[in-house]
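For reference, the structure discussed in these notes is given below.
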Amino acid sequence: MATAREIKRRIKSIKNTQQITKAMQMVAASKMRRAQIQVVETRPYAEKIRAVISHLAERHPEYRHPFIVPREVKRVGLIVLSSDKGLCGPLNSNLLRQVLHFVRGQSVSTDLITLGRKGRDFLRRTGQAILAEATGIVDKPKLIDVVPAVKVAMDEFLHGKLDQVFVAYNEFINTMVQKPTIAQILPCPLPPGVVRMQSWDYIYEPSSEKVLDGLMPRYVEFLVYQFLLENIASEHSARMIAMKNATDNAKDIIFDLNLTYNKARQASITTAISEIAAGSAAVS
Amino acid sequence: MATIKLDIVTAEKLVLSDEADFVVAPGIMGELGIFPKHAPLLATLDVGEVRVTKAEEVYSFFISGGFIEILPEQITILANTAERAEDIDESRANEARDRAEILMAQQGDNISFSQAEDSLKRAAVRLKVVQKKRASRGGGLAGTSLDG
């Protein structure tokens, strides 16, 4: 049996770890709340741009923007969102498993664009073709942060090098559940339209084609931006849960160690007393 | 007098939601002046200044391009970025202008030249908005700020 002093030292070290995991849990919880607020704040823009695009698509079906025309698929692109940091449970590995499954399930080859360090490192290790990569995702990203990665995908799509583009991210269902999801962004699924055919139409400046040409790339960028925000909310909630589990585990271990420590202490006292008793018996 | 509802939104957040008497927006083909009961219009916006008139007061925003949707009762500006005049960092805009001017003077390849030209334009408009704001003094915003 370990000596009482050794056990004491282990208890102290685990208590330190527990303090750290507890702090990380708190930080993740507050970051998660902020990320959720950010998701909510994108809603006004989302609603407006969806309404305008579906109106345009309804009123001007004769104009087909290249982003919405499906074509024969010879090569597929996949934008993989992941976190830069670890310690967030199985979040990234679940998503990346899904990504590998997706890539292997395609009958054509897939080019990857990674946003986030974990995804890049893993996919590079498994020898996937990576077209572009970006890391250093901040906790409060702006739309501009996703633009370079999406631009690569949009350019390749326009030049006919990619015929379909997907995004892999963790959908934020609730604090406990995050779902690895792969969503198509190109050709762009049109937002579910307001089916009623409006009787009026806008005046366009310069023209309906030009306005739609300008709106479509924004819309695609915005979709990816929303996915990124969801992924960040997922990351923080997964980390919060992982750290909570770690804190709870530390508590259990400390409890067990305390028991062992007390037993060791008692045993040493008992031994001491019996020795004294034996000693005094021998003297008298 | 009738008013028209004005929302300025960026992908990140709702920048402004207010009632206005008159709004001027930088359309790609020239400035658009909008009174209530305007005909439905959808336009591309250039880098420029959005001026909002409300109860005799004028306040302004810098936007770096975007779209405007006008309905008789409602204006929505989908801006790439939007800053209210009060929030513009003048020294940063100055620096950006100087940088862009140097880049343009160096006359690199075409892409970087047009990029420099774009950023020069953005910096210049930002400065214009903020300087005009200073000249007019005050003209602050009613308590409708939604900035986080």
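From first to last, the protein sequence lines stand for chains Y and Z.
Just so we're aligned, residue 28 is where the first sequence starts under this note's numbering, counting upward by one.
Just so we're aligned, residue 15 is where the second sequence starts under this note's numbering, counting upward by one.
Built from N, CA and C at the ideal position, the CB exists for glycine as well.
All values reported here derive from a predicted model rather than from experimental measurement.
Identified DSSP bridge partners for residue i
{"i": "Glu97 (chain Z)", "result": "Z:Phe76"}
{"i": "Gln129 (chain Z)", "result": "Answer is none; Gln129 (chain Z) lacks a bridge partner."}
{"i": "Gly104 (chain Y)", "result": "Y:Asp138 and Y:Val192"}
{"i": "Tyr246 (chain Y)", "result": "Answer by DSSP bridge pairing: none, since Tyr246 (chain Y) is not bridged."}
{"i": "Tyr231 (chain Y)", "result": "Z:Leu56"}
{"i": "Leu30 (chain Z)", "result": "Z:Ile22"}
{"i": "Gln205 (chain Y)", "result": "Y:Phe199"}
{"i": "Phe36 (chain Z)", "result": "Z:Thr67"}
{"i": "Ile91 (chain Z)", "result": "Z:Ile22 and Z:Ile82"}
{"i": "Ile48 (chain Z)", "result": "Z:Val37"}
{"i": "Gln211 (chain Y)", "result": "Y:Phe193"}
{"i": "Gly62 (chain Z)", "result": "Z:Ile77"}
CB contact check: residue i to chain Z, cutoff 7 Å
{"i": "Ile230 (chain Y)", "result": "yes"}
{"i": "Leu255 (chain Y)", "result": "no"}
{"i": "Leu142 (chain Y)", "result": "no"}
{"i": "Val238 (chain Y)", "result": "yes"}
{"i": "Val79 (chain Y)", "result": "yes"}
{"i": "Tyr90 (chain Y)", "result": "no"}
{"i": "Gly104 (chain Y)", "result": "no"}
{"i": "Leu170 (chain Y)", "result": "yes"}
{"i": "Tyr252 (chain Y)", "result": "yes"}
Chain Z contact residues for residue i, given Cβ-Cβ distances below 8 Å
{"i": "Val66 (chain Y)", "result": "In chain order: nothing, as chain Z lies at least about 11 Å away."}
{"i": "Gly312 (chain Y)", "result": "Outside the displayed range of chain Y (28 to 311) lies residue 312 (chain Y), so it cannot be described from this structure."}
Beta-carbon proximity of residue i to residue j, cut-off 7 Å
{"i": "Val194 (chain Y)", "j": "Val251 (chain Y)", "result": "yes"}
{"i": "Lys167 (chain Y)", "j": "Ser110 (chain Y)", "result": "no"}
{"i": "Met59 (chain Y)", "j": "His263 (chain Y)", "result": "yes"}
{"i": "Ile102 (chain Z)", "j": "Ala39 (chain Z)", "result": "no"}
{"i": "Ile34 (chain Y)", "j": "Phe129 (chain Y)", "result": "no"}
{"i": "Lys101 (chain Y)", "j": "Asp190 (chain Y)", "result": "yes"}
{"i": "Leu239 (chain Y)", "j": "His82 (chain Y)", "result": "no"}
{"i": "Glu248 (chain Y)", "j": "Val165 (chain Y)", "result": "no"}
{"i": "Leu284 (chain Y)", "j": "Arg37 (chain Y)", "result": "yes"}
{"i": "Ala99 (chain Z)", "j": "Ile22 (chain Z)", "result": "no"}
{"i": "Leu108 (chain Y)", "j": "Asn258 (chain Y)", "result": "yes"}
{"i": "Leu170 (chain Y)", "j": "Leu139 (chain Y)", "result": "no"}
{"i": "Tyr246 (chain Y)", "j": "Ile80 (chain Y)", "result": "yes"}
Any chain Y beta carbon closer than 7 Å to residue i
{"i": "Pro54 (chain Z)", "result": "yes"}
{"i": "Met196 (chain Z)", "result": "Not covered by the structure: residue 196 (chain Z). The range shown for chain Z is 15 to 162."}
{"i": "Thr90 (chain Z)", "result": "yes"}
{"i": "Glu63 (chain Z)", "result": "no"}
{"i": "Ala39 (chain Z)", "result": "no"}
Neighbour list for residue i in chain Z, Cβ cutoff strictly below 9 Å
{"i": "Phe249 (chain Y)", "result": "Ala25"}
Amino acids of chain Y, ordered along the chain, whose beta-carbon sits closer than 9 Å to that of residue i
{"i": "Leu28 (chain Z)", "result": "Glu68, Arg70, Pro71 and Tyr72"}
{"i": "Asp21 (chain Z)", "result": "Pro71 and Lys75"}
{"i": "Ala57 (chain Z)", "result": "Tyr229, Ile230, Tyr231, Glu232, Pro233 and Val238"}
Partners in chain Y for residue i, counting only beta-carbon separations shorter than 8 Å
{"i": "Glu83 (chain Z)", "result": "Lys75, Val79 and Tyr229"}
Interface residues of chain Z facing residue i [CB-CB closer than 7 Å]
{"i": "Leu213 (chain Y)", "result": "In chain order: nothing, as chain Z lies at least about 18 Å away."}
Neighbour flag for residue i against chain A, beta carbons, 7 Å
{"i": "Glu74 (chain Y)", "result": "You won't find chain A in this structure, because its protein chains are Y and Z."}
Q | Sequence ranges, alpha helix (DSSP H) only - wholly within the segment 123-190 of chain Y, length at least 4 | A | With a minimum length of 4 residues, the continuous alpha helix (DSSP H) runs that stay inside the segment 123-190 of chain Y are 144-152 and 170-185.
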